[in-house]
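Structure, as structure tokens:
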């Protein structure tokens, strides 16, 4: 992770640079990210898998950590991207997938997961033990969160000593947003106070030292705080720099660390620029990219309805929504509406719970059928203009082709452009 350490050192020396942390396991998003990096000349691409996506039990993707590494590297090889420029991180690594168990059993599972991530080659490890397990008090006291995080750091260090290679770096923090966005409408958002942010860092520093992990503490590169950004199903709270001045300045008193901002999905370009300038130098994005993918797929479905004879249509959107109704397990606890309101949630929610369903066999077959239809009979640019204007721009400027996958990746790349601008284009050296 030397590239990430070097980037943070540059940020701390006064350069407004950062890194986009791409949290997605969809192959089109991964490929779009790599091709975007090729086009923009990025030295480092950071992909992260969450504890729910990827774990020793398979997660909702069916992948263990070693499978995810092979998956990403396989796409990189296919597109001609140097795997040495890819960094891999584990997000929210802790007992979150097993909170129905008591703390002892859930933390045993978390130990195994963290070790499996490190053994597979993940080197950016977010230690997140902020969630309560069965029988725990709610909220979980910070002292217990810290104790559990240190336990996982010990498991990570042991796995690294056995696996070799670059040493892992760590992200800490107890005020951690809900993975994937808020589950209910946002009724107000409290920023982390500077005092709380610094107290959390000090508590971890002390606990690492008491556990004999002083060397590992030197590789703690960031802390997660709430800078005042969040999204729920249909609204976004934008970053307000004037409200975060004190929090932003607090991290400047801590050597070699920056803040990591979660839930930056759907922030404006100006907001992302401001976050990086204000030392939130690691920008997490996940649902925002799969939301863009869903937008592109729905647009291609609309083009098919205009362009392909009805008897040959794949009807991807229709197939996908039927599968969501047939198997509601991945979205039922998030969406509580009914009727037309539920249809809006399933189609268009910013929390994008449809992302769990893309690997479904029926949906993937319909997607392939849709792409085959449009490859066999490419649509005119007038239809692309109507439904995919970002992709049309890429097509006209030579960074995309008429292939439907290329058009979808161009739409995703429009989101990545804003992150790239924030992380790379502000360097005034």
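Numbering (this note's numbering), first residue to last: 4 to 432. Glycine included, C-beta positions come from ideal geometry on N, C-alpha and C. Owing to the predicted nature of the structure, the values given are computational and were not obtained by experimental measurement.
| Item | Value |
| --- | --- |
| Taking residue 274 as the reference, which of 343, 247, 106 and 126 has the closest Cα? | 247 |
| Can you tell me where the beta strand (DSSP E) holding residue 128 begins and where it ends? | 127-130 |
| Whose C-beta lies closer than 8 Å to the C-beta of residue 390 among residues of the same chain, with five residues either side of it excluded? | 302, 303, 305 and 306 |
| In three-state terms, what does DSSP make of residue 245? | helix |
| Name the DSSP beta bridge partners of residue 90, please? | 49 |
| Do you know offhand how far residue 12's Cα is from residue 259's? | 7 Å |
| Would DSSP call residue 185 helix, strand or coil? | Annotation note: pLDDT 46 at residue 185 (below 50); position unreliable, no value reported. |
| Kindly say whether residue 72, judged by its beta-carbon, lies nearer than 9 Å to any beta-carbon of chain B. | This model lacks chain B altogether; it includes just one protein chain. |
| Residue 191 to residue 37, Cα distance in whole Å? | 36 Å |
| Under three-state DSSP, which class holds residue 105? | strand |
| So within the segment 331-397, which uninterrupted alpha helix (DSSP H) runs reach at least 4 residues, ignoring any that extend past its ends? | 342-351, 364-379 and 384-390 |
| Skipping 5 residues on each side, what residues in its chain have a beta carbon closer than 8 Å to that of residue 367? | 361 |
| Using a Cβ-Cβ cutoff of less than 6 Å, which residues in the same chain neighbour residue 377 once the five nearest sequence positions on both sides are dropped? | 407 |
| If you run the structure through DSSP and keep just helix, strand and coil, what is residue 34? | helix |
| What first and last residue would you give for the beta strand (DSSP E) that runs through residue 23? | 22-25 |
| Could you tell me the distance, in whole angstroms, from the CA atom of residue 139 to the CA atom of residue 214? | 23 Å |
| Rounded to a whole number of angstroms, what is the C-alpha to C-alpha distance between residue 185 and residue 352? | Confidence at residue 185 is low in this model, with a pLDDT of 46, below 50, so the placement of that residue should be treated as unreliable; the coordinate-derived value is given next. Answer to the nearest angstrom: the Cα atoms are 11 Å apart. |
| Where DSSP assigns a beta bridge to residue 74, which residues make up the other side? | According to DSSP, which records beta bridges pairwise, residue 74 is partnered with nothing at all. |
| Just how far apart, CA to CA, sit residue 165 and residue 122? | 8 Å |
| Rounded to whole angstroms, what's the CA-CA distance from residue 40 to residue 88? Just pull it up for me. | 10 Å |
| Label residue 141 either buried or exposed according to how many other C-beta atoms from any shown protein chain fall within 10 Å of its C-beta, with 16 as the threshold for buried. | exposed |
| At which residues does the beta strand (DSSP E) containing residue 178 begin and terminate? | Neither: residue 178 is in no beta strand (DSSP E) and is coded neither H nor E. |
| Is residue 357 closer than 9 Å to residue 334 when the C-beta atoms are compared? | yes |
| Classify residue 177: buried if its beta carbon has 16 or more other beta carbons within 10 angstroms, exposed otherwise. | buried |
| Comparing C-alpha positions only, which one of 295, 129 and 167 sits nearest to residue 156? | 129 |
| Measuring straight from C-alpha to C-alpha, what distance separates residue 59 and residue 379? | 41 Å |
| Cβ atoms of residue 117 and residue 211: under 9 Å apart, would you say? | no |
| How would you call residue 229, buried or exposed, if buried means at least 16 neighbouring beta carbons within 10 angstroms? | buried |
| Can you check DSSP and say which residues form a bridge with residue 233? | 240 |
| Taking DSSP as the reference, what is the three-state secondary structure of residue 113? | helix |
| Check whether the Cβ atoms of residue 225 and residue 288 sit closer than 9 Å, and answer yes or no. | no |
| Check whether the segment 403-420 and the segment 293-302 touch, using three or more Cβ-Cβ pairs below 8 Å as the test. | yes |
| List, from N- to C-terminal side, the beta strand (DSSP E) runs of 3 residues or more that fit wholly inside the segment 272-334. | 285-288 |
| Buried or exposed: which applies to residue 340, given that a residue is buried once 16 or more other Cβ atoms fall within 10 Å of its Cβ? | exposed |
| Less than 9 Å between the beta carbons of residue 278 and residue 425, yes or no? | yes |
| Could you tell me the distance, in whole angstroms, from the CA atom of residue 431 to the CA atom of residue 280? | The predicted model places residue 431 with a pLDDT of 46, which falls under 50 and marks its position as unreliable; any figure quoted below should be read in that light. Between residue 431 and residue 280, the C-alpha separation is close to 11 Å. |
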